[in-house]
Amino acid sequence: LNEDGKSYTLKRIIGPSSFEELIIPPTYNGLPVTVIAERAVSFKIVDRIVIPDSIQVIEPMAFYDTDSIGVGSIEFLGGEMVVGQEAFTKCDGYESFIMRGKISMDISDLKDNESLKCLQIADCCKNACVRLNTKTRLS
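Structural data, given as structure tokens:
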């Protein structure tokens, strides 16, 4: 339970090192999950990650060195959130990032992901998809 007494922080994923899918719950005990803590999902293998619209903050290095062994994707379901520096650093194997809502993030954190083929940025008014070929680098 966070200090405000009205929300929760996802502090750590405990369990196996490999998941086919990780859907972060929008609520816990009837209250919203609003923060993903530093290194909460680090050093895991997850093919699909879904981040709910209740998340307001993803702390730095929250997903550090999280990989996919298949055609991986990370999907933000919406809302307003701030993503800390290097939150997705060394996240290899993810071919697509689908971002909905108002997200403040330095996308240069994705530059070392050689598998990235599609960065889709969408909000309620626009839908833009930047398709990357295997030789395109984010810089």
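Using my numbering, the first residue of the sequence shown is number 41, and each one after it goes up by one. Cβ atoms here follow ideal geometry from the backbone N, Cα and C, with glycine treated the same way.
CB of residue i within 8 Å of CB of residue j, strictly
{"i": "Glu-78", "j": "Glu-60", "result": "no"}
{"i": "Ile-138", "j": "Glu-115", "result": "yes"}
Contacts around residue i, its chain only, beta-carbon distance under 6 Å, and the 5 residues preceding and following it disregarded
{"i": "Asn-167", "result": "The pLDDT assigned to Asn-167 is 43, lower than 50, so where the model puts this residue is not dependable; a value taken from the coordinates is nonetheless given after this. Same-chain partners within the cutoff: there are none."}
{"i": "Ile-53", "result": "Val-81"}
{"i": "Gly-118", "result": "Asp-93, Arg-140, Gly-141"}
{"i": "Ser-108", "result": "Asp-87, Gly-133, Tyr-134"}
{"i": "Ser-58", "result": "Ile-85"}
{"i": "Phe-83", "result": "Asp-105"}
{"i": "Ile-91", "result": "Ile-64, Phe-116"}
{"i": "Ile-89", "result": "Leu-62, Ile-114"}
Integer Cβ distance of residue i from residue j, believed to fall under 8 Å
{"i": "Leu-71", "j": "Val-86", "result": "With 8 Å as the limit, Leu-71 and Val-86 do not qualify as a contact, their Cβ atoms being about 25 Å apart."}
{"i": "Met-101", "j": "Glu-126", "result": "5 Å"}
Nonlocal neighbours in the same chain, by C-beta distance under 7 Å from residue i, ignoring five residues either side
{"i": "Ile-135", "result": "Sequence inspection shows Glu at residue 135; the Ile mentioned does not correspond to that position. Answer for Glu-135: Val-111, Gly-112, Ser-113, Ser-155, Leu-156, Lys-157, Cys-158, listed in chain order."}
{"i": "Asn-153", "result": "Cys-131, Asp-132, Tyr-134"}
{"i": "Gly-55", "result": "none"}
{"i": "Ile-143", "result": "Phe-116, Met-121, Val-123"}
{"i": "Phe-128", "result": "Phe-103, Asp-149, Leu-150"}
Those residues which DSSP pairs with residue i across a bridge
{"i": "Val-122", "result": "Val-97, Ser-144"}
{"i": "Ile-89", "result": "Leu-62, Ile-114"}
{"i": "Pro-72", "result": "Thr-67"}
{"i": "Thr-49", "result": "Val-75"}
{"i": "Asp-44", "result": "In DSSP, Asp-44 forms no bridge with anything."}
Contacts around residue i, its chain only, beta-carbon distance under 8 Å, and the 5 residues preceding and following it disregarded
{"i": "Gln-96", "result": "Thr-74, Val-75, Gly-119, Glu-120, Met-121, Val-122"}
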